[in-house]
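Which chain is which? The protein sequence lines are L and D, in order.
Quick note: the first sequence uses my numbering, first residue 2, plus one each step.
Quick note: the second sequence uses my numbering, first residue 78, plus one each step.
One structure is given here, and the rest of the page talks about it.
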Amino acid sequence: MNAIALVKHVPDTAQLSSALDGLKLMAEGPRIINPWDEYAVEECLKLREAHGGQVTVLSLGPAQATEALKQGLAMGADQAVLVSDPAFEGGDTLGTARALAAAITKLGTWDIVIAGRSALDGDTAQTAIQVAALLGVPQLTYVAHIREINFEAQTISVERMLEGGREVLTSRLPCVVSVVKEINEPRYPSFMGIRKAAKASIPAWTAADLNLDPATVGAAASGVSWAEVSLPPAREGACQIITGDTPEAMAAALVDKLMAEKII
Amino acid sequence: MDFELSEEHQMIRRMVRDFVEREIAPRADKIDESDEFPWDIFHRMAELGLLGMPFPEEYGGSGGDYLGLVIALEEVARASGSVAITFDAHTSLCCEPLYLFGTQEQKRKYLIPLARGEKIGAFGLTEPQAGSDAGATATRAIRDGDKWVLNGQKIFITNGSIADLVLVTAKTDPEKGTRGISAFIVEKGTPGFHQGRDEKKMGLKGSVTSELFFEDCRIPAENLLGDQNEGFKQFLVTLDAGRVAIAAMATGLAQGAFEKAVAYARERVQFGQAIARFQAIQWMIAEMATEIEAARLLVYRAAWLKEQGAQFTKEASMAKLFATETSERVCRKAIQIHGGYGYVREYEVERMYRDQRLCAIGEGTNEIQRLVIARHVLGK
């Protein structure tokens, strides 16, 4: 079994503040592994525990993105690969997907690629889908549970989390899966994993290593660019405290007000 | 010179912080309120390998170092002083001397389950008449055939009543003063060993502080820790490391209170603006930030010296003295910034203020630390 987890190194949006807003956070703020990608790594590790094999974590980004890969190694992944080249900078999701798909192909045989449902920064949820399309394999998105996976028969059955319900799908392997946080509880890195990750030297593959024409990736090929990123406007609102002699009276007063505002 | 933590230490900090944020911080108030020892948290820390952090894997540890332990203690204390002191007493005061002075057989038998967190340990030094003056130890151990017979009393022992194993000091050669003290390993359930009542404390509620009694308690001769009459030297070494650990705990508590104060100062509006815009508040925040930074550097340097195998007695005392007095000043200011809200339990800085108070007393009072530092500066 060869599983590949796609991870992204993203700005830590919990650090958003008046001093570190929008583009500034994107450019200078502290970064973390995309939280949804931790679920992807965890699911790959669980597959390895159940079926044996190897887990690879793969990321596209500047040298600093090795931090996200090291988090994956510390959790227990067997190897990590960074896809990094100035030519990839400023790319949209399609450019990123082209480079990732080329890297997945270069890794050799594989059974499953798992990614988080979306990234905390761009929040497009497109990259994994585009990777699947470029590789010519099925895509199973918003997966909350892998019901069954058979690496001999090369089949998989999953539950997708949709608004208002779950959908069960079966597919052939290899395929690309994106996961939601309901799928598992990511483990903490172990001390042995941390030591291994701290010592690991992670290969960085360039556009040339992947035989990619620089004109097809990065800003050069990008159909979309971010003109501006800003904080949502501060909410205007007034707080009203409901008073009353008894909890029942207070609840009744609250209901009256909610009904008057046509909220209920 | 390099002030950057290694990648490994940075990853340890992230991992511990993540665990603490998810599993300890949301419950810190409840632990304080109920004053009940959080066994499930202790067991989770064992699973994650935190309790045996600085010891080699062959002894059930995680193969890390003392700086890593100090960082972990700091992160745990940032959310809960109670969990931190339990961790400190178990790992730094019980496991560490077993690792440093225990025989191969003692380490195999006792350190492995402790480092794995399958058992919980304590360190019994203080007595009603022997606090700072450890030479006044009155607990007596007399050799009788292949046994040692212990008689005496210990007080203020962290993890005391719940410990599976306690290291205790006793006089083996009363005429020799401090050179006649030895340390012993006493297991729970040994006849004559009574784990007494728990103290009701000002802070660190949810951690256990107990009395221990020894009445003709007969323990096997091989439970002497290391060599006979070496007990005083052993605990001086243990306390050097312990002082760095409690200094780390104080730094973590200060950091926790500081973060709460900064967040509150940004949100609290008075006279039409966030109070963080007033210079009176800014000065407090600047002082807090600076002192915490200085405390952390002293703590890390002392841990680093220990790791290098260098002398660090003076540096450990300096770190302990400064960090534990910093935590008092920082927590005081954190309450002051919160105003009336700081005095009520909901805002947590009140708990941190109570919790940090012990740090200036335990592992040698700050008066003893000043004495140690002065002796190093002036000579004896």
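The beta-carbon is built from N, C-alpha and C at its ideal position, and this holds for glycine as well.
How is residue i classed by DSSP in three states: helix, strand or coil?
i                      : result
residue 306 of chain D : coil
residue 391 of chain D : helix
residue 264 of chain L : coil
residue 336 of chain D : helix
residue 330 of chain D : helix
residue 198 of chain D : strand
residue 42 of chain D  : Outside the displayed range of chain D (78 to 457) lies residue 42 of chain D, so it cannot be described from this structure.
residue 365 of chain D : helix
residue 165 of chain D : helix
residue 323 of chain D : helix
residue 168 of chain L : strand
residue 273 of chain D : strand
residue 160 of chain L : strand
residue 268 of chain D : coil
residue 242 of chain L : coil
residue 233 of chain L : coil
residue 142 of chain L : strand
residue 1 of chain L   : The question about residue 1 of chain L has no answer, for chain L in this structure spans 2 to 265.
residue 443 of chain D : helix
With a 10 Å radius around its C-beta and 16 neighbouring C-beta atoms as the bar for buried, classify residue i as buried or exposed.
i                      : result
residue 48 of chain L  : buried
residue 212 of chain L : exposed
residue 120 of chain D : exposed
residue 37 of chain L  : buried
residue 286 of chain D : buried
residue 272 of chain D : buried
residue 326 of chain L : In the structure displayed, chain L extends from 2 to 265; residue 326 of chain L sits before or after that span and is not available.
residue 35 of chain L  : buried
residue 176 of chain D : buried
residue 12 of chain L  : buried
residue 260 of chain L : exposed
residue 367 of chain D : exposed
residue 333 of chain D : buried
residue 240 of chain L : exposed
residue 385 of chain D : exposed
residue 410 of chain D : buried
residue 111 of chain D : exposed
residue 120 of chain L : buried
residue 225 of chain D : buried
Using only the alpha-carbon positions, how far apart do residue i and residue j sit?
i                      : j                      : result
residue 253 of chain D : residue 262 of chain D : 22 Å
residue 200 of chain D : residue 78 of chain D  : 36 Å
residue 217 of chain L : residue 96 of chain L  : 7 Å
residue 307 of chain D : residue 259 of chain D : 6 Å
residue 450 of chain D : residue 457 of chain D : 11 Å
residue 148 of chain L : residue 172 of chain L : 12 Å
residue 412 of chain D : residue 315 of chain D : 34 Å
residue 460 of chain D : residue 151 of chain D : Residue coverage of chain D in this structure runs from 78 to 457, which leaves residue 460 of chain D outside it and unanswerable.
residue 64 of chain L  : residue 117 of chain D : 40 Å
residue 179 of chain D : residue 303 of chain D : 5 Å
residue 336 of chain D : residue 329 of chain D : 11 Å
residue 448 of chain D : residue 417 of chain D : 38 Å
residue 251 of chain D : residue 100 of chain D : 48 Å
residue 294 of chain D : residue 275 of chain D : 21 Å
residue 169 of chain L : residue 144 of chain L : 9 Å
residue 188 of chain L : residue 268 of chain D : 42 Å
residue 264 of chain L : residue 248 of chain L : 21 Å
residue 256 of chain D : residue 215 of chain D : 14 Å
residue 139 of chain L : residue 423 of chain D : 51 Å
residue 391 of chain D : residue 146 of chain L : 57 Å
residue 194 of chain D : residue 124 of chain D : 8 Å
residue 92 of chain L  : residue 207 of chain L : 14 Å
Along chain B, which residues have their Cβ under 7 Å away from the Cβ of residue i?
i                      : result
residue 235 of chain L : The structure shown contains no chain B; the protein chains it does contain are L and D.
Checklist entry - Does the region 123-136 of chain L touch the region 176-184 of chain L, meaning 3 or more C-beta pairs lie closer than 8 Å? => result yes
Checklist entry - Given a limit of 7 Å on CB to CB distance, which residues of the region 182-215 of chain L reach chain D? => result 189, 190, 191, 192, 195, 196, 198, 199
Checklist entry - Given a limit of 7 Å on CB to CB distance, which residues of the region 88-104 of chain D reach chain L? => result 88, 89, 92, 95, 96
Checklist entry - Given a limit of 9 Å on CB to CB distance, which residues of the region 374-391 of chain D reach chain L? => result none
Checklist entry - With a cut-off of 8 Å, do at least 3 Cβ pairs link the region 316-325 of chain D to the region 415-428 of chain D? => result no
Checklist entry - What residues in the region 37-51 of chain L have a beta carbon less than 7 Å from any beta carbon of chain D? => result none
Next on the checklist: Check whether the region 394-406 of chain D and the region 437-454 of chain D are in contact - that is, three or more C-beta pairs closer than 8 Å.
Outcome noted: yes
Item to check | Interfacial residues, the region 102-125 of chain L to chain D, with Cβ spacing under 9 Å | outcome: none
Item to check | Segment contact flag, the region 74-89 of chain L with the region 189-203 of chain L, C-beta cutoff 8 Å, min 3 pairs | outcome: yes
Item to check | Chain-ordered residues of the region 281-313 of chain D with a beta carbon less than 8 Å from chain L | outcome: none
Checklist entry - Below 8 Å, can you find three or more Cβ-Cβ pairs linking the region 126-146 of chain D to the region 370-384 of chain D? => result yes
Item to check | Three CB pairs or more closer than 8 Å across the region 156-165 of chain D and the region 207-223 of chain D | outcome: no
Checklist entry - Going along the chain, which residues of the region 102-126 of chain D sit with their C-beta nearer than 7 Å to a C-beta in chain L? => result 125, 126
Next on the checklist: Using a Cβ-Cβ cutoff of 7 Å, what residues of the region 134-148 of chain D are near chain L? List them in chain order.
Outcome noted: 139, 140, 141
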